[in-house]
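Protein chains: 4
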Amino acid sequence: MLNRWWSKLKKDKPKYRQIIDAAVIVIADNGYHQAQVSKIAKQAGVADGTIYLYFKNKEDILISVFQEKMSVFVENLQKILKESTQASEMLYRMIEGHFKVLSEDHHLAIVTQLELRQSNKDLRLKINAILKEYLDLLDEILKKGIQDGEFVEDIDIRLTRQVIFGTIDEVSTTWVMKEQKYDLVAMAPSVHQILLKGIQRG
Amino acid sequence: MLNRWWSKLKKDKPKYRQIIDAAVIVIADNGYHQAQVSKIAKQAGVADGTIYLYFKNKEDILISVFQEKMSVFVENLQKILKESTQASEMLYRMIEGHFKVLSEDHHLAIVTQLELRQSNKDLRLKINAILKEYLDLLDEILKKGIQDGEFVEDIDIRLTRQVIFGTIDEVSTTWVMKEQKYDLVAMAPSVHQILLKGIQRG
Amino acid sequence: MLNRWWSKLKKDKPKYRQIIDAAVIVIADNGYHQAQVSKIAKQAGVADGTIYLYFKNKEDILISVFQEKMSVFVENLQKILKESTQASEMLYRMIEGHFKVLSEDHHLAIVTQLELRQSNKDLRLKINAILKEYLDLLDEILKKGIQDGEFVEDIDIRLTRQVIFGTIDEVSTTWVMKEQKYDLVAMAPSVHQILLKGIQRG
Amino acid sequence: MLNRWWSKLKKDKPKYRQIIDAAVIVIADNGYHQAQVSKIAKQAGVADGTIYLYFKNKEDILISVFQEKMSVFVENLQKILKESTQASEMLYRMIEGHFKVLSEDHHLAIVTQLELRQSNKDLRLKINAILKEYLDLLDEILKKGIQDGEFVEDIDIRLTRQVIFGTIDEVSTTWVMKEQKYDLVAMAPSVHQILLKGIQRG
DNA sequence: AATGAATGAGTCTTCATTCAT
DNA sequence: TATGAATGAAGACTCATTCAT
Chain A
288 MLNRWWSKLK KDKPKYRQII DAAVIVIADN GYHQAQVSKI AKQAGVADGT IYLYFKNKED
348 ILISVFQEKM SVFVENLQKI LKESTQASEM LYRMIEGHFK VLSEDHHLAI VTQLELRQSN
408 KDLRLKINAI LKEYLDLLDE ILKKGIQDGE FVEDIDIRLT RQVIFGTIDE VSTTWVMKEQ
468 KYDLVAMAPS VHQILLKGIQ RG
Chain Y
288 MLNRWWSKLK KDKPKYRQII DAAVIVIADN GYHQAQVSKI AKQAGVADGT IYLYFKNKED
348 ILISVFQEKM SVFVENLQKI LKESTQASEM LYRMIEGHFK VLSEDHHLAI VTQLELRQSN
408 KDLRLKINAI LKEYLDLLDE ILKKGIQDGE FVEDIDIRLT RQVIFGTIDE VSTTWVMKEQ
468 KYDLVAMAPS VHQILLKGIQ RG
Chain W
288 MLNRWWSKLK KDKPKYRQII DAAVIVIADN GYHQAQVSKI AKQAGVADGT IYLYFKNKED
348 ILISVFQEKM SVFVENLQKI LKESTQASEM LYRMIEGHFK VLSEDHHLAI VTQLELRQSN
408 KDLRLKINAI LKEYLDLLDE ILKKGIQDGE FVEDIDIRLT RQVIFGTIDE VSTTWVMKEQ
468 KYDLVAMAPS VHQILLKGIQ RG
Chain G
288 MLNRWWSKLK KDKPKYRQII DAAVIVIADN GYHQAQVSKI AKQAGVADGT IYLYFKNKED
348 ILISVFQEKM SVFVENLQKI LKESTQASEM LYRMIEGHFK VLSEDHHLAI VTQLELRQSN
408 KDLRLKINAI LKEYLDLLDE ILKKGIQDGE FVEDIDIRLT RQVIFGTIDE VSTTWVMKEQ
468 KYDLVAMAPS VHQILLKGIQ RG
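First to last, the sequence lines map onto chains A, Y, W and G.
Quick note: to get my numbering, add 287 to the position in the first sequence (first position is 1).
Quick note: to get my numbering, add 287 to the position in the second sequence (first position is 1).
Quick note: to get my numbering, add 287 to the position in the third sequence (first position is 1).
Quick note: to get my numbering, add 287 to the position in the fourth sequence (first position is 1).
Written out as structure tokens, the structure reads:
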């Protein structure tokens, strides 16, 4: 029986999410290096020791934060792939969706664009592994575009993926560093236009 | 008298550069968080205390590292602007030049693309300020392209700059994380082509 | 009514012994400092909290372990005193019996000779109090030996007891530290001979 | 040049001994498990961090304490072996010397007989390695006694060593646990007599 | 200018014990 | 009785910076 209305998985217990959410807020407010476990515990309303009933160590909290939040981007993109028919439209909705998620959660934006990058190489490698799922979906869009004749045939998928992701990431980071003072989502059409022109046929 | 054959500027004393170079090596070899002041001093062949005769504190070393090394990119780009006549050519040579500098100094590549990003927000803000000079030159290329009719008129310069820099940065970082196993400079034409198509006229 | 076929004494309930036995195994396998209450509970097949229904605290478990296991040595020695007629024979059988008990229960040997000694001064004082019963029986052997003219009159009983117990203990500990690789019981005759010569008449 | 009037060895710097001596006092007064590094530093009159300029970690302090103090016993015994001609006399002076050292330094007595035994198995193994030097000298006494015809030929040296050391150790520990209320050195003749009778000829 | 010994603030993690169910 | 999730106190160690020489 795989689907039960109750669960013993740590991830499904309320305190798991409570701690994840607290971590996002504490990191966003205090910065990565000032996000002590005790601060996260306090924000989550639990004792320090309770953290360790749900996470192996501090790094595990941070990876889980990224994992949980990244899944929002991934699920978003999966939905887009199902609902759209054209690769160019998928690309547009991916950019727009990405910007929307960040715009709607300022704490999350700070954490993913600025703070989590201060982690050490080990953690960043793990984060990259999580990111891969998202990039794989982007690859699918590109493949479909080529197959359907929307995009030029001779583009290097790996490189194009880097151009698109690099652009989205840089635009997002700049927006966060400018303290989110302008409308990020409003930039989606322009970003899409530049990127699309770079790869589309004719 | 701006040019004197001797100087009392700290920057011109041999130990200043000795320490900067030591810092790059130590950070590349050990990672940002394992680059202790004492390690840098040892690598530079000076006493720990001597560091503080040339730098205010550890952050000051790191900013100076970025400043000194970034100037290579800036000078490179300034030369390109002088030697080229067409914006699209300038863009190509900027990309190629950027990749070349990183390819020729593996230590520098690791430090700028991976390790220095682990610094805290304050340091990153200062790094961004230094970066501005480079981005300003990129803006000049874009303005010239529009003026000369090479690039479409309605592009948002700030946004386009982010697309271009984001792409260069992402491609560079991916190359470093793949342990520099392939030829980065060889990717310049493809990167240029995609970016150019996104902004050029007709 | 001292003997009832049922009992409300904690010591007589099955879980009491279950926990004691679990503690010996956990301490022997993991070492004193790695013998957490939760590990003992798991080994005993009860919940952590249940431990505290049978023992006041962790120290109480450890004292009880020693008490329960020490009683084997004491009962053994009491039997010997009843069955033997000569003090020198009693001494021999005491040494042999002591070695036998340790040889037959490797877990117990590790716990009493190595692990329990890592306890703090308070616990060791309590352990010494328990040990007293055993040492009192040894005193009786010595007194009888003097009375019967087997042992020299002018020996200091307290000191002699320390010599005998110190020897048995050191030989046992060395054997455990050498990972019980040789036959401890086989050493009884030699140990007895040396000790006996030190105190016997003529 | 092996002998210089000055030295760069850590062991010869005044703070090394300062910390060792502080550790003995703190452990004796507070017990092994309450001997925090910060307490030792305070007692030694140095900063916490200074400890780590002279010792690798806390365990290293404790091993060094034992090493430095054990050397008193060893040097003592080496002197005895040189000055004495008869094995039985050597044995007497060894026992007496051992008791004297403990009697003259109450802190040391508590630390070696009680507190240091609470260390974990790893540390105890290292302590045993240090102890070996002392036991090797004891072996030499026994060998000489057999060779000279003072001791019976058929004794097992390893076992006899355990009897002698076990006795000295137990007598010392009992004295410490009785809070050193009686004269330990005064017990040397009786201890010597019992042990000697156990191994001497005729 | 140069040295390098000394400083001391700051934090993650474990685990015995409790108590609501 | 029995459970086990939650608690929270406590401590070794690092490293940027100073300052007497």
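All C-beta atoms, glycine included, are put in the ideal place defined by N, C-alpha and C.
On a predicted model such as this, the values are computed, not experimentally measured, just so you know.
Host alpha helix (DSSP H) of L422 of chain A (start-end): Position 135 of the first sequence, counted from the start, is the residue given in the question as residue 422 of chain A. Taken as a continuous stretch (DSSP letters only), the alpha helix (DSSP H) holding L422 of chain A covers 408-434.
What three-state label does DSSP hand F452 of chain Y in the structure shown? On the second sequence, residue 452 of chain Y is found 165 positions in, with the first residue counted as 1. In the three-state reduction of the DSSP assignment, F452 of chain Y falls in the helix class.
Could you tell me whether the stretch 353-368 of chain G touches the stretch 409-417 of chain G, where touching means 3 or more Cβ pairs closer than 8 Å? Yes, since at least three Cβ pairs between the stretch 353-368 of chain G and the stretch 409-417 of chain G fall closer than 8 Å, the two stretches touch.
Comparing C-alpha positions only, which one of Y:L403, Y:Q480, Y:K484 sits nearest to T460 of chain Y? Walking along the second sequence from the start, residue 460 of chain Y turns up at place 173. Measuring C-alpha to C-alpha distances from T460 of chain Y to each of Y:L403, Y:Q480, Y:K484 identifies Y:L403 as the nearest.
Residues of chain Y with CB under 7 Å from I486 of chain A, in chain order? For the purposes of this step, residue 486 of chain A is taken as the residue at position 199 of the first sequence. Near I486 of chain A (Cβ distances below 7 Å), the residues of chain Y are I481.
How about D423 of chain G: is its C-beta nearer than 7 Å to some C-beta of chain W? As a position in the fourth sequence, residue 423 of chain G is number 136, starting the count at 1. Chain W, which has no Cβ nearer than 7 Å to the Cβ of D423 of chain G, makes this no.
Would you report the Cα separation of Q330 of chain Y and A315 of chain Y, rounded to the nearest angstrom? By 1-based counting over the second sequence, the position of residue 330 of chain Y is 43. By 1-based counting over the second sequence, the position of residue 315 of chain Y is 28. Taking the straight line joining both Cα atoms gives about 12 Å.
Reducing DSSP to helix, strand and coil, say where F360 of chain G ends up. By one-based count along the fourth sequence, residue 360 of chain G stands at place 73. In the structure shown, F360 of chain G sits in a helix (DSSP, three-state: H, G or I).
Let me see if you follow: with CB-CB separation under 7 Å, is S477 of chain G close to chain W or not? Here residue 477 of chain G refers to the residue found at position 190 when the fourth sequence is read from its first residue. S477 of chain G has a beta carbon lying within less than 7 Å of a beta carbon in chain W.
Select from the stretch 430-449 of chain G all residues with a C-beta closer than 8 Å to any C-beta belonging to chain W, and list them in chain order. Among the residues of the stretch 430-449 of chain G, those with a Cβ less than 8 Å away from any Cβ of chain W are I442, D443, L446, T447, Q449, in the order of the chain.
Spell out the partners DSSP gives Q487 of chain A in its beta bridges. Stepping through the first sequence from its first residue, residue 487 of chain A is reached at position 200. Q487 of chain A is bridged to A:F438.
Could you tell me whether any Cβ in chain Y is nearer than 7 Å to the Cβ of Y469 of chain A? Reading the first sequence from its first residue, position 182 is the one you call residue 469 of chain A. By this cut-off, Y469 of chain A is not an interface position.
How about H385 of chain Y and I312 of chain Y: are their beta carbons less than 7 Å apart? Looking up residue 385 of chain Y in the second sequence gives position 98. Looking up residue 312 of chain Y in the second sequence gives position 25. Cβ atoms of H385 of chain Y and I312 of chain Y: not closer than 7 Å.
Separation of N363 of chain Y from I306 of chain G, as counted between CA atoms: As a first step, residue 306 of chain G is located in the fourth sequence; it is residue number 19 there, counting from the start. As a first step, residue 363 of chain Y is located in the second sequence; it is residue number 76 there, counting from the start. Distance between the alpha carbons of I306 of chain G and N363 of chain Y: 58 Å.
Anything in the stretch 314-332 of chain A with a Cβ closer than 7 Å to a Cβ of chain Y? List those residues in chain order, please. Of all residues in the stretch 314-332 of chain A, G318, H320 have a Cβ within less than 7 Å of some Cβ in chain Y.
Leaving aside the five residues before and after R448 of chain W along the sequence, list all residues of the same chain whose C-beta is less than 7 Å from its C-beta, in chain order. Taking the third sequence and counting its residues from 1, one reaches residue 448 of chain W at position 161. The answer, listed in chain order, is L422, L425, D426, L429.
How should M288 of chain A be labelled, buried or exposed, when 16 other C-beta atoms within 10 angstroms of its C-beta is the threshold for buried? Within the first sequence, residue 288 of chain A is the residue found at index 1, counting from 1. Residue confidence is low: M288 of chain A scores 43 on pLDDT, short of 50, so the model does not pin down where it sits. Its coordinate-derived value is still stated next. With fewer than 16 other Cβ atoms within 10 Å, it is exposed.
From Q365 of chain A to V388 of chain A, what distance separates their C-alpha atoms? Counting from one through the first sequence, the residue named residue 365 of chain A turns up at place 78. Counting from one through the first sequence, the residue named residue 388 of chain A turns up at place 101. Whole-angstrom Cα-Cα distance: 14 Å.
Could you tell me the distance, in whole angstroms, from the CA atom of I455 of chain Y to the CA atom of I327 of chain W? Within the second sequence, residue 455 of chain Y is the residue found at index 168, counting from 1. Within the third sequence, residue 327 of chain W is the residue found at index 40, counting from 1. Between I455 of chain Y and I327 of chain W, the alpha-carbon positions lie close to 58 Å from each other.
Have a look at L471 of chain Y and G453 of chain Y and give me their C-alpha separation to the nearest angstrom. Your numbering for residue 471 of chain Y matches position 184 in the second sequence. Your numbering for residue 453 of chain Y matches position 166 in the second sequence. CA-to-CA, the gap between L471 of chain Y and G453 of chain Y works out to about 16 Å.
Measuring only the C-alpha atoms, how far is V458 of chain Y from I397 of chain Y? Residue mapping note: residue 458 of chain Y aligns to position 171 of the second sequence, counting from 1. Residue mapping note: residue 397 of chain Y aligns to position 110 of the second sequence, counting from 1. Approximately 13 Å, taken between the alpha carbons.
Could you name each continuous beta strand (DSSP E) segment of 3 residues or more that falls completely within the stretch 303-384 of chain G, going from the start of the chain to the end? Within the stretch 303-384 of chain G, no complete beta strand (DSSP E) run reaches 3 residues.
Distance CB(Y303 of chain A)-CB(Y341 of chain A) smaller than 7 Å: On the first sequence, residue 303 of chain A is found 16 positions in, with the first residue counted as 1. On the first sequence, residue 341 of chain A is found 54 positions in, with the first residue counted as 1. Y341 of chain A sits close to Y303 of chain A, with the two beta carbons spaced by under 7 Å.
For a cutoff of 7 Å on Cβ pairs, would you count Q400 of chain Y as touching chain A? Translated into positions along the second sequence, residue 400 of chain Y becomes position 113. For Q400 of chain Y, the answer is no, since every Cβ of chain A falls outside 7 Å of its Cβ.
What are the boundary residues of the alpha helix (DSSP H) that includes L395 of chain A? Indexing the first sequence from 1 puts residue 395 of chain A at position 108. Per DSSP, L395 of chain A belongs to the alpha helix (DSSP H) from 393-400.
Should L482 of chain W go down as buried or exposed, given a rule of 16 or more other Cβ atoms within 10 Å for buried? On the third sequence, position 195 is the one that residue 482 of chain W refers to. Burial is judged here by how many other beta carbons sit within 10 angstroms of a residue's own beta carbon; L482 of chain W has at least 16 and is buried.
So, is the C-beta of E466 of chain Y closer than 7 Å to a C-beta in chain A? The residue labelled residue 466 of chain Y in the question sits at position 179 within the second sequence. In terms of beta-carbon proximity, E466 of chain Y stays away from the interface with chain A, with every pair separated by 7 Å or more.
Taking Cβ positions, are I246 of chain G and I486 of chain G nearer each other than 7 Å? Because chain G is modelled from 288 through 489, residue 246 of chain G falls outside the range shown and cannot be assessed.
Consider the Cβ of K297 of chain G: report whether some Cβ of chain W lies at a distance smaller than 7 Å. As a position in the fourth sequence, residue 297 of chain G is number 10, starting the count at 1. For K297 of chain G, no CB of chain W lies under 7 Å from its own CB, so it is not counted at the interface with that chain.
So, does the CB of G453 of chain A fall closer than 7 Å to a CB anywhere in chain Y? Against the first sequence, residue 453 of chain A aligns to sequence position 166. G453 of chain A has a beta carbon lying within less than 7 Å of a beta carbon in chain Y.
Could you check the C-alpha separation between V450 of chain W and Q467 of chain G for me, to the nearest Å? Position 163 of the third sequence, counting from 1, holds the residue named residue 450 of chain W. Position 180 of the fourth sequence, counting from 1, holds the residue named residue 467 of chain G. Cα to Cα, V450 of chain W sits roughly 18 Å from Q467 of chain G.
Looking at S325 of chain G: is its Cβ nearer than 7 Å to the Cβ of L446 of chain W? Residue 325 of chain G sits at position 38 when you count from the first residue of the fourth sequence. Residue 446 of chain W sits at position 159 when you count from the first residue of the third sequence. Going by C-beta atoms, S325 of chain G is not nearer than 7 Å to L446 of chain W.
Between the CA atoms of K465 of chain W and P301 of chain A - distance to the nearest angstrom: Here residue 301 of chain A refers to the residue found at position 14 when the first sequence is read from its first residue. Here residue 465 of chain W refers to the residue found at position 178 when the third sequence is read from its first residue. Rounded to whole angstroms, P301 of chain A to K465 of chain W spans 52 Å at the Cα level.
State the Cα-Cα distance for the pair A309 of chain W and K343 of chain W, rounded to the nearest angstrom. Locating residue 309 of chain W in the third sequence gives position 22, counting from the first residue. Locating residue 343 of chain W in the third sequence gives position 56, counting from the first residue. Each residue's CA atom was taken as its position, placing A309 of chain W and K343 of chain W some 17 Å apart.
Ignore the nearest five residues each way along the sequence and tell me which others in K431 of chain A's own chain have a CB closer than 6 Å to its CB. By one-based count along the first sequence, residue 431 of chain A stands at place 144. Around K431 of chain A: A374.
Can the beta-carbon of G405 of chain A be found less than 7 Å from the beta-carbon of Y339 of chain A? What you label residue 405 of chain A is simply residue 118 of the first sequence in a count that begins at 1. What you label residue 339 of chain A is simply residue 52 of the first sequence in a count that begins at 1. The sequence given here has Gln at residue 405 of chain A, not Gly. Their beta carbons are not under 7 Å apart, which means Q405 of chain A does not touch Y339 of chain A by this criterion.
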